[in-house]
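*Asks:* This is the structure, below, for whatever I ask next.
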Amino acid sequence: MDRRIQKTRHSIMNTFIDLLAEKGFEKITINDIAERANINRGTVYLHYVDKFDLLDKCIETYVELLLQHCANSTDTYLSVSAFQSVFEYLEKNFTIYKLLLNNEGVGFFRNRLYALIAQTVTEVVGIKSENSAFSNDVTTHFLTSGFIGVLEWWINNSMPCTVQEAVEQLMYLLEPFTKHLVSHQP
1 MDRRIQKTRH SIMNTFIDLL AEKGFEKITI NDIAERANIN RGTVYLHYVD
51 KFDLLDKCIE TYVELLLQHC ANSTDTYLSV SAFQSVFEYL EKNFTIYKLL
101 LNNEGVGFFR NRLYALIAQT VTEVVGIKSE NSAFSNDVTT HFLTSGFIGV
151 LEWWINNSMP CTVQEAVEQL MYLLEPFTKH LVSHQP
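Put into structure tokens, the structure is as follows:
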């Protein structure tokens, strides 16, 4: 992609995030974005269909960044290092993820994150579990919902415990599931 296009998209997205923090999604207009980014309205429309498209691309970008970080630093097991990596990344990027979780009332960010985590959990449960007592679908959605719920609680309450404490609690709660999955690590 041309560097000017990248720079323009980056500027539009950063401006959008700043406005999201200031006014909330519903009150943002394309004029606001263009004016703050010091570009023409048509330039915003050249890159994004509307503010909903911009929100969707913003969410896609930040979910992708989270996944890239986790993929680069952990394995695909439900392990301490996998959970710790997610929490540490969210801790470092707390402001943007809190903004995305809290500001868009429709739940786009949460839904996208849920789908991606559920996909990963499905792969882990399907590949590594030899215990037929667990239904893969039930297990996947139970683990995903619990994990997303804890992440939301942790972010929405401004990280009320350390990464280590959150991870230890999760591992303790997930022990009935992880002991069947982790034991098959190479």
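Mapping of the sequence shown onto the UniProt record's numbering: residues 1 to 186, in sequence order.
By construction, the Cβ of each residue, glycine as well, lies at the ideal position given by its N, Cα and C atoms.
A quick note: this is a predicted structure, and the numbers were derived from the prediction, not measured.
Is T139 near I117, with beta carbons less than 8 Å apart?
*Replies:* For the purposes of this step, residue 139 is taken as residue 139 along the sequence shown, with counting starting at 1. For the purposes of this step, residue 117 is taken as residue 117 along the sequence shown, with counting starting at 1. Taking 8 Å as the Cβ cut-off, T139 and I117 do not qualify as a contacting pair.
*Asks:* Please report how far the alpha carbon of L170 lies from the alpha carbon of F94, in whole angstroms.
*Replies:* In the sequence shown, counting from the first residue as 1, residue 170 sits at position 170. In the sequence shown, counting from the first residue as 1, residue 94 sits at position 94. Going by the C-alpha atoms only, they are around 19 Å apart.
*Asks:* Would a C-beta distance cut-off of 8 Å place F87 and A166 closer than the cut-off?
*Replies:* Translated into the one-based positions of the sequence shown, residue 87 becomes position 87. Translated into the one-based positions of the sequence shown, residue 166 becomes position 166. Result yes, Cβ atoms of F87 and A166 sit closer than 8 Å.
*Asks:* My output table needs one value for G107: the three-state DSSP class, helix, strand or coil.
*Replies:* Locating residue 107 in the sequence shown gives position 107, counting from the first residue. Coil, per DSSP.
*Asks:* Could you say which of T122, L66 and E123 lies nearest to L151 if we only look at CA atoms?
*Replies:* Looking up residue 151 in the sequence shown gives position 151. Taking only the C-alpha atoms, the option nearest L151 is L66.
*Asks:* Does the separation of the CB atoms of F16 and I5 fall below 8 Å?
*Replies:* For this step, residue 16 is matched to residue 16 along the sequence shown. For this step, residue 5 is matched to residue 5 along the sequence shown. With contacts defined as CB atoms closer than 8 Å, F16 and I5 fail to qualify as a contacting pair.
*Asks:* From this set, D2, L55, A82 and I12, which residue's C-alpha is nearest residue 190's C-alpha?
*Replies:* For the chain, the structure presents residues 1 to 186; residue 190 sits outside this window and is missing.
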